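To start, the structure itself, in structure tokens.
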Amino acid sequence: MKKHTEWFENENFWLNYGPIMFDSQHWAEARGIAQRCTDIAKLGRGDSVLDVCCGPGRISVELALCGMEVTGVDITQPFLDAAAETAEDENVSLNLINADMRKFSSRKKFDAAVNIYNSFGYCDSVSDDTLILKKVAAALKKGGTFILECISRETAVKYFTEGEWFERAGKTVLTEFKVTGAWEGLSSKWILIDSDGKRMEHVFIQRLYSAAELRDTMLHCGFSEVAVYGGFDLSAYDQNAKTMVIVAKK
């Protein structure tokens, strides 16, 4: 029987769409976010951090520049290759592991873990999302901190748009968004058009959790304390929240 492959396991997708999603603005924000993460988790130089679904190393490299010992895990090898190149350019060391977080295990226990920039909720099932949270909890030391940033159901409703278009990385980008179920997910269609008119498109769905729902799930996944905030400044998660940042303690 042919193994089922989920969309995020397709390396060609990331090779084409990675430069669009990880644009210069997101790279520029990385340093400040990494510093806020070290402050939130009360990390000192030499402490160990697990970057969950690290992508091209945007946060991993900045955490290493802050003096952390960083392990980045991602399912996409080209992203890990890019992270290694950036780390070399910045003269920092990263431990990079090509693995699916649903299957990840580590004898090493970490002082903190991070999952930044909306990379949670893409698995086919709730049980797989839950498994990832359990894997993160298992990888932390007792008292360790997990910082998760992702879109919530509430922020998805507040900032919903049916689509937009823009120019980026030499391509025209068109996006179309639709609600799935009773706000259970958000369907995103990304269309890329090259200067020569070549067109490619991809549709994916992100599962949406309410803040309370995800908080309670994490409390059942090995975390002893879970707090929800409206940003990395630890502002209130209320009607003014721009994003959802969850800080969990093991």
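Position in the sequence shown counted from 1, then plus 35, gives you my numbering.
Note that the Cβ used here is the ideal one computed from N, Cα and C, for glycine as well.
This one's a predicted model, so the numbers in the text were calculated from it and none came from an experiment.
For residue i, three-class secondary structure by DSSP
i    : result
D74  : helix
R66  : helix
S83  : strand
A283 : strand
N275 : coil
Counted within 10 angstroms of its Cβ, other Cβ atoms place residue i as buried (16 or more) or exposed
i    : result
T180 : buried
W200 : exposed
L168 : buried
V171 : buried
Y264 : buried
S160 : exposed
R93  : buried
L243 : buried
T121 : buried
T73  : buried
G205 : exposed
S162 : exposed
F195 : exposed
D82  : buried
V282 : buried
A247 : exposed
V87  : buried
G198 : exposed
S140 : exposed
S128 : exposed
L254 : exposed
S270 : exposed
V105 : buried
A5   : Shown here, the chain extends from 36 to 285; a query on residue 5 therefore has no answer.
A262 : exposed
Own chain partners of residue i with C-beta closer than 6 Å, once the 5 adjacent residues on each side are dropped
i    : result
K224 : E211, V238
I226 : L209, E236
D135 : I110
A76  : A147, T180
Close Cβ partners of residue i (< 8 Å) along its chain, the five nearest in sequence each way excluded
i    : result
T215 : L221, S222, I240
E202 : V208
R66  : E97, L100
A119 : G92, L129, L131
Cutoff 7 Å; reference residue i; Cβ partners in own chain excluding five residues on either side
i    : result
S245 : S187, R188, E189
S259 : K284, K285
Are the segment 183-198 and the segment 153-170 touching by the rule of at least three beta carbon pairs closer than 8 Å?
yes
In chain order, what are the residue ranges of uninterrupted beta strand (DSSP E) at least 3 long that sit wholly in the segment 144-223?
145-150, 175-185, 198-203, 206-215
Go through the segment 88-136 residue by residue and report every complete run of the beta strand (DSSP E) that reaches 3 residues or more, in order.
104-109, 129-133
If you scan the segment 217-267 from start to end, which runs of the alpha helix (DSSP H) of 4 or more residues do you find wholly inside it?
246-254
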